[in-house]
Amino acid sequence: FSPSVSSKLIVQVREPLQRLGEICKGLFLVGDLTEKTKAHIMSYGELLSSRIVAAAMEHEGLSPTWVDSRKTIVTDSQYLSARVDFTATNRLIRDEILRDTRIYIAPGYIARSTSGESTTLGRGGSDYTAAIFAGALNADLLEIWTDVNGMMSADPRLVRDTITIPEMSYEEAMELSYFGAK
1 FSPSVSSKLI VQVREPLQRL GEICKGLFLV GDLTEKTKAH IMSYGELLSS
51 RIVAAAMEHE GLSPTWVDSR KTIVTDSQYL SARVDFTATN RLIRDEILRD
101 TRIYIAPGYI ARSTSGESTT LGRGGSDYTA AIFAGALNAD LLEIWTDVNG
151 MMSADPRLVR DTITIPEMSY EEAMELSYFG AK
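Using the numbering used here, the letters of the sequence shown map in sequence onto residues 1 to 182.
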C-alpha cells in the first residue's frame, strides 16, 4: 500500500485490535463467554477484513466508501443468528447509500440489535448481508462469488466427482439451504 493508505488503515485497525485484546483479557479473568460477547468478538473479523479490502481498493485507485453494517442492519437480540427488522433496515440502508457513489464496502455477517448490541446473522450471513443491501436498494443484480461454480451436487472439498447443477428453482435452493447447504 502507499504510505497514505497504509497510515489510514493502521489508524482504522489499531483501535479495534486494542479493544479486542482488552475483551479477551476480561474473558480470561471472568472465565465466561456469553452469546452476546461471542457475537461481539465475532464481529471483529468482518470489520477488520472489510477495512483491509477497502484500503486495497483505494490503493488501486478506486474510491470505495466503507459502511458499517451494524449501523444499517437492525435485528432482534438473538445474538448468534439474529432476525432482521426489514422495515428499519431498508430505511437505514436507503438513507446511507447515495446513488452517485459507485463502490461501497460493508462488513458482512454482522448487524446490531434494536438496543444497539452487536449481533450476527448466522451461517451464510455474509451472503445474506449482500442480499439485504440488494433488496433494500432494489438492485438489478446481486452477484455472490464463492469458491464453487454455482450449485454443486456435493461439497467439492469432500467429494471428488461433483458436478454443477445446470438449473434449480428458488424453492429447491431454499430447501437445500434450510437443511444446511451453502
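Here a beta-carbon is modelled for each residue, glycine too, at the ideal position from N, C-alpha and C. What you are looking at is a predicted structure, and each value in this text was computed from that prediction instead of being measured.
Could you compute how far the alpha carbon of T162 sits from the alpha carbon of W145? 18 Å
With DSSP as the reference, identify every bridge partner of I163, one or two as the case may be. DSSP lists no partner for I163.
How many Å lie between D155 and I165 at the Cα? 12 Å
Answer yes if the region 85-99 comes into contact with the region 118-131, meaning at least three C-beta pairs across the two stretches below 8 Å, and no otherwise. no
Buried or exposed for T34, going by 16 or more other Cβ atoms inside 10 Å? exposed
So, is I73 buried or exposed, given that buried needs 16 or more other C-beta atoms within 10 angstroms? buried
Considering only the beta carbon of each residue, do T37 and T75 sit closer than 8 Å? no
Roughly how many angstroms lie between the CA atoms of T65 and I97, to the nearest whole one? 9 Å
Spatially closest choice to F179 from E167, A139, G124, Y109, by CA coordinates: G124
Less than 8 Å between the beta carbons of A111 and S69, yes or no? yes
Test item: CB-CB of F1 and H59 under 8 Å: yes
When you compare the CB positions of Q12 and R51, do they come within less than 8 Å of one another, or not? yes
Same chain only: Cβ atoms within 6 Å of V84, ignoring 5 sequence neighbours per side: T75
Residue interval of the alpha helix (DSSP H) (run including A111): It is not in any alpha helix (DSSP H) - A111 instead sits in the beta strand (DSSP E) that spans 110-113.
Alpha helix (DSSP H) runs wholly inside the region 6-75, at least 4 long, in chain order: 35-59
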